[in-house]
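Okay, so here's the structure we're looking at.
2 protein chains.
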Amino acid sequence: MLEESHAKYLSNLVGADNFFTDKAHLSAYAYDATREHYLPDGVIFPRNEQDISQILAYCNQHRIIIVPRGAGSGFTGGSLSVRGGLVLSVEKHMDQILEIDQKNLIARVQPGVINKDFQNEVEKYGLFYPPDPASQDQSTLGGNVSENAGGMRAAKYGITKDYVMALRAVLPSGQIIRAGKKTIKDVAGFNVAGILIASEGCLAVISEITLKLLAKPKLKQSAMGVFSSIKEAMEAVYKTMASGVVPVAMEFLDNLSIRAVEERFKKGLPIEAGAILITQVDGSVSEQIAWQLQEIEKHFKANGCTDFKTAQNTTEEEDLWFARRNASQSITVYGRKKLNEDVTVPRASLPALLEEVGRISQVYNLPIPCFGHTGDGNVHVNIMLENPEEQLEKGQRAMEEIFKCAVALEGTLSGEHGIGLSKAKFMPLAFSPEEMGLFRSIKQAFDPNNILNPFKMGL
Amino acid sequence: MLEESHAKYLSNLVGADNFFTDKAHLSAYAYDATREHYLPDGVIFPRNEQDISQILAYCNQHRIIIVPRGAGSGFTGGSLSVRGGLVLSVEKHMDQILEIDQKNLIARVQPGVINKDFQNEVEKYGLFYPPDPASQDQSTLGGNVSENAGGMRAAKYGITKDYVMALRAVLPSGQIIRAGKKTIKDVAGFNVAGILIASEGCLAVISEITLKLLAKPKLKQSAMGVFSSIKEAMEAVYKTMASGVVPVAMEFLDNLSIRAVEERFKKGLPIEAGAILITQVDGSVSEQIAWQLQEIEKHFKANGCTDFKTAQNTTEEEDLWFARRNASQSITVYGRKKLNEDVTVPRASLPALLEEVGRISQVYNLPIPCFGHTGDGNVHVNIMLENPEEQLEKGQRAMEEIFKCAVALEGTLSGEHGIGLSKAKFMPLAFSPEEMGLFRSIKQAFDPNNILNPFKMGL
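See the structure below:
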């Protein structure tokens, strides 16, 4: 509950139409994609960077918690106000594309711009912004930077951090800083932009983002391979990637995922297959496309691919990707609730990881459909619960075993979703007390009063 | 001067053959490429990470300064022991390539491995490590990470930070931490590896580096364009880069640099040219090479290129690159001492930057030959002094004007060389008091007793 005097100050600061403490607003900002529910004490919509600065300076002085929020589409509770305080939303006012600099292949945006809107806008200029998280239709670029969002195109084009050239941000003290430059090379001062990326809103509020763009590749083509076993498919992935071909995407569905999509949509998918791989290549000249597809076909077939087809037109392209795009919603045929995590391992460890997931599925007697971004070793593991009330604890134990396996294979707790609340308790699996101590020192250096998104990331 | 008891402890710790306080050793480790001279109190060669940990723990307890050092090839004094203390050198023992993981396209190395040795080794496996600083024959990968080294291939392939997947490092307390993973996607915990890169040995001692590798491109070809004015050449650069072609390198020499190389080596270079651009493209199929060269030729000729030639074989390839490779040593024809800085601006601001450098050269009546990496906006500006004793102060004022111009054009003080000592006094040109304050807080979080490479970066 916010003190009356604080509410009055903040309302005066941003205007009564940008600060709310009514039930409807609090409820609307109590959720994210985890479906967990924490009511904030207020919701504030800064109009600009100066507002953010004044809000933070005031809240820092009065020790009022601030939880920065983009679209609230995160999977790990990063934008939930777990102990009250204010949700600071960049949605309402700070959603402008400020500049598309065609000469330098750079754009400047406010944090509330929706990822897909930005992609569409730069494509009008023949440019290309590769990071494409599954949430791209909802999630904001500010949220993408805070979580270091990935996506399907990461295999070739990398992730959000590979496109952030500079940030403007507001420290908890209210001080406004710039970090990074519009230049590819910049080694003056500590890499503050580097540490703000993926910091989950715990270190500063991002107020402006300078992003690198690419020229849009002229040509692209997709292909699909059917494999009788998941192990062969995973071996085909890393052998293809090690051969010198760099596909834009290299995605997979396991047997359970294939069956689920087929049950829902009747598309004639190979329901007996152990796995399918769906891939896309791009380039500037047709010979480059042809060479890449030949190499992929060669490595697929050398590793047990029984059927290989390339898309010959846009319709076939869409058809090939249909199963992958609809996997997430289809697997609910196995249960009402899913425990959905994004463990990531080095590519060559994918066969070992998925074998272990299969074993855990049998031991716990729970279906665990898997799909995802094999090109970068990032697997979406879904433990499905038909009776969540009874099975939740068992499911969580199974997930913990999967995390342990990923870490043992030199992988990570999270490839894309972040830690937030959901994975906070697993941090000691992956980090030593010394490393956790360093994280706390860094948090302290930026936010000595711990007002910014506290109680997250296991800190 | 190191206390007797400290010397004894450290000598016992690493062995008498790995710890020295004699004049010869101190002198040998008093220099870097700046030619400045600061005698340390001792030189220590840790045998492994455990040694580094124990050295740091002891020195932290006793407030003994530690200056980490690779090959000492830096241009800004980053490895100079400006107030005594110990130089900690990774040269002698910590120079092993630990793993080349062909399946995952990853290598693990110790910090003392020489960049070029590493490039050569991975190329034996058909792999490719792109960062190629001019110091590649001497500089270590540990130094490259600490300075975030660039190079000629940055236009297409980026810089050191784009290849660092994970680090092991020792904090000033002696605690050993790991940061990052062998996975492309990893968003668990703060991006500590991100802030250690380019931290110039001020935050931790890097003990192991995990680097991303690429498959080596099968084909490459170079070309050169002659321009009558520097302005046209710079416009050709950014227009080519904005067109969708991504050359591996796009290098330039201005008229003074061309004349200097010609005077030294008599290669038949176009000494009346305002500038030459030398570029290289690579790829997997010949049509891709041909398309890129056609596009480059088109954009060069549309922007005043009077002569364009492509290399038809290795000899011609070497010839094209000869002028660029020998520019740095040749420009000494204009003076005994050079003030050599690496200002960087967004590519489209190159014409404005070089026009201003020309003006400053006239005003101060000093020759300022320029060459460098125009593909990424990184220009090596060389103020040449014939009588350093008389001209030094004038040269420094001229350089300060150039820095101010670069910053005004949204550029940076340093694209590649770092800040160290040499550029420390210019930090307030580029950073606000708030930003400098944040750098100090970060330094404090890692190194509360300020024992690690203190008095650098203007901190």
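These protein sequences, in sequence, are chains E and D. For the first sequence, the UniProt record's numbering assigns the number 1 to the initial residue and increments by one for each residue that follows. For the second sequence, the UniProt record's numbering assigns the number 1 to the initial residue and increments by one for each residue that follows. Even glycine gets a Cβ: it sits at the ideal position worked out from N, Cα and C. Since this is a predicted model, take the numbers as computed values, not measurements.
- By the criterion of a C-beta distance shorter than 8 Å, E/Ala7 is surrounded in its chain by Phe19, Thr21, Gly42, once the five residues flanking it on both sides are discounted.
- DSSP places E/Met427 in the helix class (H, G or I) of the three-state scheme.
- Residue range 314-325 is occupied by the alpha helix (DSSP H) that includes D/Ala323, with no beta strand (DSSP E) assigned at that position.
- When secondary structure is reduced to three states using DSSP, D/Arg153 falls in the coil class, being assigned neither helix nor strand.
- Residue contact with chain E for D/Pro346: present (Cβ-Cβ distance below 8 Å to some residue of chain E).
- Comparing C-alpha distances from D/Val226 to each of D/Ala179, D/Gly150, D/Ile271 shows the shortest one belongs to D/Ile271.
- Judged by DSSP in its simplified three-state form, D/Ser286 adopts helix.
- Taking 8 Å as the threshold, the shortest C-beta distance from D/Val192 to chain E falls below it.
- Along the region 407-426 of chain D, going in chain order, the ones with a CB nearer than 8 Å to a CB of chain E are Glu410, Gly411, Thr412, Leu413, Ser414, Gly415, Glu416, His417, Gly418, Ile419, Lys423.
- Within 7 Å of the CB of D/Phe439, the CB atoms of chain E belong to Gly189, Phe190, in sequence order along the chain.
- Straight-line spacing of the CA atoms in D/Met399 and D/Ile258 works out to 22 Å.
- Where E/Ser89 is concerned, the enclosing beta strand (DSSP E) starts and stops at 86-89.
- Listed by position along chain E, the residues whose Cβ is nearer than 7 Å to that of D/Arg168 form an empty set, because the closest Cβ is around 11 Å away.
- At a C-beta separation below 8 Å, E/Ala430 has these neighbours in chain D: Ala188, Gly189.
- Residue pairing by DSSP places D/Gly42 opposite D/Leu86 in a beta bridge.
- Along the region 123-153 of chain E, the positions whose C-beta sits under 7 Å from a C-beta of chain D are Glu147, Asn148, Gly150, read in chain order.
- For E/Pro351, the CB contacts under 7 Å within the same chain, skipping 5 residues up- and downstream, are Lys231, Met234, Glu235 in chain order.
- Nearest C-alpha to E/Arg440 among D/Phe446, D/Ile106, D/Leu385, D/Met1: D/Phe446.
- Listed by position along chain E, the residues whose Cβ is nearer than 9 Å to that of D/Arg178 are Phe431, Ser432, Glu435.
- Taking 3 residues as the shortest admissible run, the region 367-392 of chain D contains the following complete beta strand (DSSP E) segments, listed from N- to C-terminal end: 370-373, 378-385.
- When DSSP states are grouped into helix, strand and coil, D/Val164 belongs to the strand group.
- Distance from the CA atom of D/Gly304 to the CA atom of E/Phe190, rounded to whole angstroms, is 40 Å.
- Secondary structure remark: continuous beta strand (DSSP E) runs of at least 3 residues inside the region 103-150 of chain E, in chain order: 106-109.
- As the crow flies, the alpha-carbon of D/Lys338 is around 24 Å from that of D/Arg69.
- In this structure, D/Pro133 sits away from D/Val87, with a CB-CB distance that is not shorter than 8 Å.
- Residue environment: D/Lys456 is assigned as buried (16 or more neighbouring CB atoms within 10 Å of its CB, all protein chains considered).
- Exposure of D/Arg336 is indicated by the presence of fewer than 16 other C-beta atoms within 10 angstroms of its C-beta.
- Of all residues in the region 261-286 of chain E, the ones placed with a Cβ closer than 9 Å to any Cβ belonging to chain D are Gly283, Ser284, Val285, Ser286, in chain order.
- Along the region 447-458 of chain D, the positions whose C-beta sits under 8 Å from a C-beta of chain E are Met457, read in chain order.
- For the region 234-265 of chain E, the beta-carbon criterion of a distance under 9 Å to any beta-carbon of chain D is satisfied by Tyr238, Lys239, Met241, Ala242, Ser243, Gly244, Val245, Val246.
- Among the residues of chain E, none has a CB under 7 Å from the CB of D/Ile100; the nearest is roughly 12 Å distant.
- Using a Cβ-Cβ cut-off of 8 Å, D/Lys181 counts as an interface residue toward chain E, since at least one Cβ of chain E sits closer than that to its own.
- Secondary-structure assignment with DSSP links E/Asn449 through no beta bridge to anything.
- For E/Met250, the closest C-alpha among the options E/Met436, E/Met152, E/Ser199 is that of E/Met152.
- Contact with chain E is absent for D/Ile296, since none of that chain's Cβ atoms lies less than 8 Å from the residue's Cβ.
- If you draw a straight line from the Cα of E/Glu386 to the Cα of E/Ala155, it comes to about 34 Å.
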